[in-house]
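Numbering (the numbering used here), first residue to last: 5 to 87. Note that CB positions come from ideal geometry on N, CA and C, so glycine has one too. Notes for the one structure printed next.
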Amino acid sequence: MKKVLVLLFFTVALYAQKKTETFQSERLDEQRTITISLPESYEKKTAKTYPVLIVLDGDFLLPPFEGALAYGSYWMIYPKLLL
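Structure follows, in structure tokens:
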């Protein structure tokens, strides 16, 4: 039971850190979806600004970047940023 609760907690935490937006591309004439990965402190401090890192192949490269930046941010190697 504890394992299920821990898994549920981490799933909710990961979900809370991502935001998905869909928009209509006029040039491509189709709907495009982007995923924005937010730092944990993003919602808590609304006046704070964050640097932005854009990953062009997000379907494939977003998870590795999230892991590397979370590690670097934890050890204060990288600033907290929007991915």
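Going by DSSP, E34 is part of the beta strand (DSSP E) stretching over E34 to S41.
In this structure L86 touches I40 by the C-beta definition: roughly 6 Å separates them, less than 8 Å.
L65 counts as exposed, since fewer than 16 other beta carbons sit within 10 angstroms of its beta carbon. The beta-bridge partner set that DSSP reports for F64 is empty.
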